[in-house]
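See below for the structure under consideration.
There are 2 protein chains.
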Amino acid sequence: MDGLDSTQLRTLAAVVSEGSFEAAGRLLHVTPSAVSQRIKALEETVGQVLVRRQRPCDATEAGRPLLRLAGQLALLEREALADARGPLGGDPGRTRVAVVVNADSLATWFPAALARLPARPELSFDIRQDDQDHTAELLRDGVVTAAVTAQREAVQGCRVRPLGAMRYRALAAPSLADRWFADGLTPAAAGAAPVVVFDRKDQIQHRFLRTLTGRTLDPPVHYVPSVPAFNESIQLGLGWGLVAERIADADLAAGNCVDIAPGRVLDVPLYWQHWRLDSQVLNALTAAVCAVAADSLR
Amino acid sequence: MDGLDSTQLRTLAAVVSEGSFEAAGRLLHVTPSAVSQRIKALEETVGQVLVRRQRPCDATEAGRPLLRLAGQLALLEREALADARGPLGGDPGRTRVAVVVNADSLATWFPAALARLPARPELSFDIRQDDQDHTAELLRDGVVTAAVTAQREAVQGCRVRPLGAMRYRALAAPSLADRWFADGLTPAAAGAAPVVVFDRKDQIQHRFLRTLTGRTLDPPVHYVPSVPAFNESIQLGLGWGLVAERIADADLAAGNCVDIAPGRVLDVPLYWQHWRLDSQVLNALTAAVCAVAADSLR
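In the order they appear, the protein sequences are chains Z and S.
Heads up: the first sequence is residues 1 to 298, going by full-length UniProt numbering.
Heads up: the second sequence is residues 1 to 298, going by full-length UniProt numbering.
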């Protein structure tokens, strides 16, 4: 085998990141049919189907290692080119850094880490949002370069650093707390009172109830997958829910909500996982994320 | 044909809403193998593959009309049962109302509509978030019962009502505005200045630039798919972006941001589309959504 064609690898990455052959073609300034030919050629070289042709397109099991390789090559190539050309060497093209972040980190401390990097017009952040227990999948699949994740074990080819814990408090509107939790968070009340959950991947409310009551409860659930809407739904009395400390403390101070389990919290330890790459952008982002997390997490 | 089996239809809905045979089994209190047998039996009755077996599971083209039918039957069945049994008739089971809402509506006015409905322990909201130009797909596919959408044409089987327009202003941090827009939002500046975009489906920034400059521009983009993180990224100077009026006016008043296109706004008309069903819950939700939107949109 003659090694892999870098244009074909770039095309694979574009198809998966943009979701279709048409969109990848627009990004690469070629026709969808050229995109299709490159993917087919790469699949013939490897002897495996690499792209699942659906909307959006996805990498197959066999395609994932190649997708990660494509991302790593692109980042290193850009930086080598920029170094070789020097500061006056003209446009080295854009460097896209893809990072997946859990919703509560993204809504609170994470943007400050992005803003710490010196503004460089060629640098584009491609932030994704996912549950902290699922962020490592996108890293393993090569869709992102780094992740804020609850997974402590290093994904293959990645380095991992602890960031501290995100602390959650159980909040409810005073009216909901009066109706359901006048006698505290008893198993009977917790099994019957409505709870606001971010989405189907979000297990922390149920985990918190299991820790508190020793039982697996099945309360009525409202799914509200938006941090501000989640928070407002709790304030408006739709259900109780676990709210990240920074937002919870503001709600408690304003009197919008009460803590229905005073003195009981849920701590979710978070980690920064990133590809083992000697990349300037990645090193700078790692330093910024660790510094901001140190100020924001426990 | 003997008509469709309602248990099989319910199982199809559970597989798609929960994403896997295992999770559907947990919801329905049966084994994954029982789920699989029911889906196969339904597929044999219809003579089509109905479920794409992947993670998460999805309905095929042929499965979608059946999915919608399953959702409609479930809603009507619950209400008929509750009516038949009367207010003391015991637990009629839970009614899940699935609604897709665009991110900016969800982060601003939509939760107040949910809170207007009288609290009923058997009612569960299953809110989804998607781009306003894509929300109608989930409605057509039968995944949701109603949508806040930018699509004005009624989806087949649905009723549509105008809700008013969400108004957006182009904001940037003062530092970013000084650096790039000292001479206003010229085509040269708009093509070079970094812009914050919600996700790949979000086209409004590019549409706004096209309207203003008459050109299709390709500025550097940061994707930040979280309303609070999007807003904070703009405040921190990562890029400019279009911010929903209610949030924008607070940012402008606080002096965190400046309007880089004073007097120019983007209005996105929104519509409430819902299945044509004589359902009490859906009627109550429609009245609440229309009332809150009338106060919040233009």
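Beta carbons: idealized from backbone N, C-alpha and C, even for Gly.
It should be emphasised that the depicted structure is a prediction, and the values quoted were computed from it without experimental measurement.
Residue i versus the options, residue with shortest Cα-Cα distance
| i | options | result |
| --- | --- | --- |
| Gly63 (chain S) | S:Phe110, S:Asn102, S:Thr11 | S:Thr11 |
| Ser124 (chain S) | S:Thr95, S:Glu43, S:Ala113, S:Leu236 | S:Thr95 |
| Arg246 (chain S) | S:Trp240, S:Ser296, S:Val195 | S:Ser296 |
| Ala74 (chain S) | S:Glu44, S:Leu185, S:Leu282, S:Gly164 | S:Leu282 |
| Arg78 (chain S) | S:Ile39, S:Leu238, S:Asp278 | S:Asp278 |
| Asp251 (chain S) | S:Arg169, S:Pro121, S:Ser6, S:Thr7 | S:Arg169 |
| residue 328 (chain S) | S:Phe208, S:Asp126, S:Ala119 | The question about residue 328 (chain S) has no answer, for chain S in this structure spans 1 to 298. |
| Asp259 (chain Z) | Z:Cys290, Z:Leu185, Z:Asp202 | Z:Leu185 |
| Thr45 (chain Z) | Z:Thr286, Z:Leu4, Z:Gln151 | Z:Leu4 |
| Thr286 (chain S) | S:Ala98, S:Asn231, S:Ala146 | S:Ala146 |
| Cys158 (chain S) | S:Ser6, S:Arg38, S:Gln273 | S:Gln273 |
| residue 366 (chain Z) | Z:Glu122, Z:Asp183, Z:Val265, Z:Ser6 | Residue 366 (chain Z) falls outside the range modelled here, since chain Z spans only 1 to 298, and no answer is possible. |
| Gln280 (chain S) | S:Thr7, S:Arg38, S:Ala80, S:Pro187 | S:Ala80 |
| Thr149 (chain Z) | Z:Ala284, Z:Thr7, Z:Asn102 | Z:Asn102 |
Cβ neighbours of residue i in the same chain (closer than 6 Å, five flanking residues each side left out)
| i | result |
| --- | --- |
| Met1 (chain S) | Bear in mind that the predicted position of Met1 (chain S) carries a pLDDT of just 42, short of 50, making it too unreliable to give a figure here. |
| Glu22 (chain S) | Pro32 |
| Pro162 (chain S) | Tyr271 |
| Leu9 (chain Z) | Ala70 |
| Ala294 (chain Z) | none |
| Ala154 (chain S) | Val160 |
| Val197 (chain S) | Gln205, Val221, Tyr223 |
| Ala189 (chain S) | Trp180, Phe181 |
| Ala59 (chain Z) | Val16, Leu67 |
| Asp130 (chain S) | Val100 |
| Leu138 (chain S) | Val100, Val144 |
| Asp141 (chain Z) | Arg64 |
| Pro269 (chain S) | Ala165 |
| Arg152 (chain S) | Tyr271 |
Cβ shell of residue i (< 7 Å), same chain only, five flanking positions each side left out
| i | result |
| --- | --- |
| Asp104 (chain Z) | Met166, Val227, Ala244 |
| Ala288 (chain Z) | Ala113, Arg116, Leu117 |
| Glu43 (chain S) | Val49, Leu50 |
| Ser36 (chain Z) | Phe21 |
| Pro219 (chain Z) | Ala190, Gly191, Ala192, Ala193, Pro194, Val195 |
| Thr216 (chain S) | Arg210 |
| residue 307 (chain S) | Past the boundaries of the shown model lies residue 307 (chain S); chain S is included only from 1 to 298, so the question cannot be answered. |
Cutoff 8 Å; reference residue i; Cβ partners in own chain excluding five residues on either side
| i | result |
| --- | --- |
| Ala253 (chain S) | none |
| Asn256 (chain S) | Ala173, Gln235 |
| Gly19 (chain Z) | Arg55, Pro56, Cys57 |
| Val292 (chain S) | Trp109, Phe110, Ala112, Ala113, Arg116 |
| Asp199 (chain S) | Asp131, Tyr223, Pro225 |
| Lys201 (chain S) | Asp130, Asp131, Asp133, His134 |
| Glu61 (chain Z) | none |
| Ser233 (chain S) | Val196, His222, Val224, Gly239, Gly241 |
Within chain S, partners of residue i - CB distance below 9 Å
| i | result |
| --- | --- |
| Arg53 (chain Z) | The contacting residues do not exist; Arg53 (chain Z) stays about 12 Å from chain S at best. |
| Asp251 (chain Z) | Ordered by position in chain S, no residue passes the 9 Å Cβ test against Asp251 (chain Z), which lies about 14 Å from the chain. |
| Pro121 (chain Z) | Ala192, Ala193, Pro194, Pro220 |
| Gly237 (chain Z) | Ala115, Ala119 |
| Gly19 (chain Z) | Arg200 |
Neighbouring residues, chain S, relative to residue i (Cβ below 7 Å)
| i | result |
| --- | --- |
| Phe110 (chain Z) | Ala229 |
Interface partners of residue i on chain Z, CB under 7 Å
| i | result |
| --- | --- |
| Gly25 (chain S) | Here the premise fails: no neighbours, minimum Cβ distance about 15 Å. |
| Glu232 (chain S) | Pro111 |
| Ala177 (chain S) | Near Ala177 (chain S) there are no residues of chain Z at all, since even the closest Cβ is about 13 Å away, more than 7 Å. |
| Gly63 (chain S) | Those do not exist, as Gly63 (chain S) stays about 14 Å from chain Z at its closest Cβ, beyond 7 Å. |
Contact under 8 Å by Cβ, residue i with residue j
| i | j | result |
| --- | --- | --- |
| Leu171 (chain S) | Gly237 (chain S) | no |
| Ala107 (chain Z) | Ala136 (chain S) | no |
| Arg298 (chain Z) | Asp267 (chain Z) | yes |
| Gln72 (chain S) | Trp275 (chain S) | yes |
| Ala14 (chain Z) | Leu27 (chain Z) | yes |
| Gly47 (chain Z) | Ala34 (chain Z) | no |
| Arg128 (chain Z) | Ala98 (chain Z) | yes |
Residue i: contacting residues in chain Z (beta-carbon distance under 8 Å)
| i | result |
| --- | --- |
| Leu277 (chain S) | By Cβ distance, chain Z contributes nothing, its closest Cβ being about 21 Å from Leu277 (chain S), past 8 Å. |
| Gly241 (chain S) | By Cβ distance, chain Z contributes nothing, its closest Cβ being about 12 Å from Gly241 (chain S), past 8 Å. |
Chain-ordered neighbours of residue i on chain S, where CB pairs are closer than 8 Å
| i | result |
| --- | --- |
| Arg94 (chain Z) | Pro220 |
Residue i CB to nearest heavy atom of the ligand MG below 7 Å
| i | result |
| --- | --- |
| Val148 (chain Z) | What this structure holds is no ligand at all, so the ligand MG is not there to describe. |
**Message:** Please identify, using Cβ separations under 9 Å, the residues of the segment 212-228 of chain S that lie next to chain Z, in order along the chain.
**Reply:** So the list reads Pro220, Val221, His222, Tyr223, Val224, Pro225, Ser226, Val227, Pro228, given in the order they occur along the chain.
**Prompt:** For the segment 123-148 of chain S, which residues have a CB atom closer than 9 Å to at least one CB atom of chain Z, in sequence order?
**Reply:** Cβ contacts with chain Z come from Leu123, Ser124, Phe125, Asp126, Ile127, Arg128, Gln129.
**Request:** Could you please tell me which residues of the segment 96-108 of chain S, in chain order, have their CB closer than 7 Å to any CB of chain Z?
**Result:** Considering only beta carbons, the part of the segment 96-108 of chain S lying closer than 7 Å to chain Z consists of Ala103, Leu106, Ala107, in chain order.
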